[in-house]
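Chemist: Numbering (the UniProt record's numbering), first residue to last: 1 to 473. Just so you know, even glycine gets a beta-carbon here, dropped at the ideal spot from N, CA and C. Since the structure is predicted, the reported quantities are computational estimates derived from the model, not experimental observations. I have a structure here, written as structure tokens, and I will follow up with some questions on it.
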Amino acid sequence: MERTDEQKINKNILIATTTSSFLVPFMSSAINIAAPDIAKKFNLVAENLNLVITIFLLFSAAFILPMGKLSDTFDRTKIFITGLISFTISTLMCAIAPNITVLFIFRALQGFFSAFVFVTSIAILIENHSPKIRGRLLGINTATVYLGTSIGPFLGGILVRLFGFRSIFLFAFLVGSVASFISLFLLKKEIKVQQHTSLAESLKNLDKIGAIFSIVGLFLLIYGASTFELGKTPKALFFLGGVLLILFVGFELATRNPLLDVKLFVKIPQFGFSNLAALINYSCTFSASYLLSLYLQIVKALPAQVVGSILILQPISQVITSLISGRASEKIEPRKLATAGMVLTTAGLFIFSLFSSKTNIVLVIVNLIIMGIGFGLFSSPNTNVVMSSVPQSLYGAASSTISVMRVMGQAFSMAIVSFIFSLYLKGAKLSHENYLMILKSMKISFFVFSVLSIVGIVASIKRGNIYNQENSN
């Protein structure tokens, strides 16, 4: 059968948006592998090394909401291209950084410009294609995100071993250059013209107080979560960030031109419950690979290479399942697919909470694949619901909320694990002599996540259908 015009995929738009979606998770996962080499080259202590890794996430998360608003009022294609090119240049500067200060600066700029790409790539992808193929497009986009996550440690490890940490940035620069070339010279000709105001007008009308609340709140929340175990100050910053975000919500409810219309979460159940489900899902799953890495290396005493080979099975299964679930969500109500994914994820989390030091490795592998299938079933259809529940004029805001739910979920996940480990280990080293306390902390963490995930199942069920909504519009 020949494809109709409504079923045709614009390859240039798909390549540009999915390549950019691949870059960020690739960098995030590969930089962890490069951390020891970076520490050696610049003679870093642990705190500074951690900042090299987290400073990207801090600046990326902090500017997501303001950029989401701008992308709905200004030309989102220009924002995407500017962000992608600037991200690529920043990546090159990281590769040639002569000292740690320069590396810090350009890692921060990488994060800042990644926010431009985060909030526009999905919006550009779906607004330039028929809603009839939205599911498969989001499936492809989600699969490339997981592909970046899965091959980052593998390819990053090879590059670092052969050429040093700078090679990771150079590889990302080459990939970013290809995407930038396509975007700059081919994308503009093929993208539908978006009605928008001038940049000056968009900035003038931007909710600046709301922007400050969201930027500072998310920055403190992420920083506090990433350093939660280091003492009272990070914990205070984490909770202060939470307070600022609560104040942000209150201010947005009262202002006429909000940065984010939080009333949408109540007005549109599909939008509100889908974002809540995403927040819970990321909160419950983000720390799983960290916990299992400790379990396999410390409790089971497996070498790092073997552990990496085992853990990569989850993102690989996510890649495959995302492609299938994305296309399936065009025919099957996405709520059903996403809910099934949450159920599988919850089951996987609970099974992990039952593990002991004698658990067979085969069971670990099988459960990892179950978790991967669950997350793959959930993610693409859930994003489909969020984007389908709002008009095109709010695609930027919808994309930004998806990103915010992700980073907030990751922050909560890190904080929960850090809190539980601090209760049971009480400053003890993460070493084999303390494996019983580590195992207990891991089991409790997974149990807490499995209980919390049940709330996510309820939210996923409560959201309602999108196809009924679309047919009624």
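For P457 and S71, what's the separation of their Cα atoms in angstroms?
Modeler: The question names Pro, but residue 457 is Ile in the sequence shown. Rounded to the nearest angstrom, the two C-alpha atoms are 31 angstroms apart.
Chemist: Would DSSP call K443 helix, strand or coil?
Modeler: helix
Chemist: Is DSSP giving G315 helix, strand or coil here?
Modeler: Note that residue 315 is Pro in the sequence shown, not Gly. Reduced to three states, the DSSP call for P315 is helix.
Chemist: Go ahead and pull the three-state DSSP assignment for N471.
Modeler: In this predicted model, N471 has a pLDDT of only 45, less than 50, meaning its place in the structure is not dependable enough to derive any value.
Chemist: Could you give the first and the last residue of the continuous alpha helix (DSSP H) run that contains A415?
Modeler: 395 to 425
Chemist: Taking the C-alpha atoms as reference points, what is the distance between V362 and Q314?
Modeler: 14 angstroms
Chemist: In chain order, what are the residue ranges of uninterrupted alpha helix (DSSP H) at least 4 long that sit wholly in the stretch 233 to 306?
Modeler: 264 to 267, 269 to 285, 288 to 294
Chemist: Rounded to whole angstroms, what is the Cα-Cα separation between G135 and V24?
Modeler: 22 angstroms
Chemist: For a test of the three-state rule: what should DSSP assign to S357, helix, strand or coil?
Modeler: coil
Chemist: Quick one: what's got a C-beta closer than 7 angstroms to S472's C-beta in the same chain, skipping five residues either side?
Modeler: Its pLDDT being 43, under 50, S472 is placed unreliably in this model, and the value from its coordinates should be taken loosely. Around S472, the same chain offers no residue with a beta carbon nearer than 7 angstroms, after the five sequence neighbours per side are excluded.
Chemist: Does E201 pass the burial test, meaning 16 or more other C-beta atoms within 10 Å, or should it be called exposed?
Modeler: exposed
Chemist: Find out if the Cβ-Cβ distance for the pair I33, V160 is shorter than 8 angstroms.
Modeler: yes
Chemist: Among A347, S90, A304, K336, whose alpha-carbon lies nearest the alpha-carbon of S274?
Modeler: Measuring from the Cα of S274, the nearest candidate turns out to be K336.
Chemist: Look up residue 507 in the DSSP assignment and say whether it is helix, strand or coil.
Modeler: The chain is shown only over 1 to 473; residue 507 falls outside these bounds and no answer can be derived.
Chemist: Going by CA-CA distance only, name the one from S322, K40, T77, N10 that's closest to F199.
Modeler: For clarity, residue 199 is Leu in the given sequence; the question names Phe instead. L199 has its Cα closest to that of T77, out of S322, K40, T77, N10.
Chemist: With H, G and I counted as helix, E and B as strand and the rest as coil, what does DSSP make of M1?
Modeler: Note on M1: pLDDT 41, under 50, position unreliable in the model; no value is reported.
Chemist: What are the complete alpha helix (DSSP H) segments, minimum 4 residues, inside the stretch 156 to 211?
Modeler: 166 to 182, 199 to 205
Chemist: Going by beta carbon distance, what residues of the same chain come within less than 8 angstroms of I416, once the five residues before and after it are set aside?
Modeler: Cβ-Cβ distances below 8 angstroms link I416 to S283, S287, S445, V448, F449 in the same chain, with the five nearest sequence neighbours on each side left out; the list follows chain order.
Chemist: Can you give the beta carbon distance from I438 to V299, rounded, assuming they're within the 8 angstroms contact cut?
Modeler: 6 angstroms
Chemist: In terms of residue numbering, what span does the alpha helix (DSSP H) encompassing A16 cover?
Modeler: 11 to 42
Chemist: According to DSSP, is F74 helix, strand or coil?
Modeler: coil
Chemist: Using three-state DSSP, classify A62 as helix, strand or coil.
Modeler: helix
Chemist: Let me know the secondary structure DSSP gives A97 once reduced to three states.
Modeler: coil
Chemist: Counting pairs of beta carbons, one from the stretch 372 to 381 and one from the stretch 337 to 355, are three or more of them closer than 8 angstroms?
Modeler: Between the stretch 372 to 381 and the stretch 337 to 355 there are three or more C-beta pairs closer than 8 angstroms, enough to call the two in contact.
Chemist: When DSSP labels each residue in this structure, what does H432 get in the three-state scheme?
Modeler: Taken through DSSP and simplified to helix, strand or coil, H432 comes out as helix.
Chemist: Three Cβ pairs or more, each shorter than 8 angstroms: is that satisfied between the stretch 139 to 150 and the stretch 318 to 333?
Modeler: yes
Chemist: Using only the alpha-carbon positions, how far apart do N128 and I140 sit?
Modeler: When rounded, the distance between both Cα atoms is 15 angstroms.
Chemist: When you compare only the Cα positions, how much space is there between A95 and F169?
Modeler: 5 angstroms
Chemist: Verify whether the separation of the beta carbon atoms of L138 and V117 is less than 8 angstroms.
Modeler: no
Chemist: Would you say the stretch 99 to 116 touches the stretch 230 to 239, given that touching needs at least three Cβ pairs under 8 angstroms?
Modeler: no
Chemist: Have a look at T359, S226, N257 and flag the residue whose alpha-carbon is nearest the alpha-carbon of F56.
Modeler: Taking the Cα of F56 as reference, the smallest distance to any Cα among T359, S226, N257 is reached at S226.
Chemist: Quick one: Cα of F251 to Cα of L354, how far?
Modeler: 44 angstroms
Chemist: Can you tell me whether residue 478 is helix, strand or coil according to DSSP?
Modeler: Limits of the chain in this structure are 1 at one end and 473 at the other, which puts residue 478 out of reach.
Chemist: What three-state label does DSSP hand S325 in the structure shown?
Modeler: Residue state, collapsed to three classes: helix.
Chemist: Helix, strand or coil for G456? Go by DSSP, reduced to three states.
Modeler: helix
Chemist: Using CA atoms only, rank isn't needed, just tell me which of V216, L187, G224, L186 is closest to A411.
Modeler: G224
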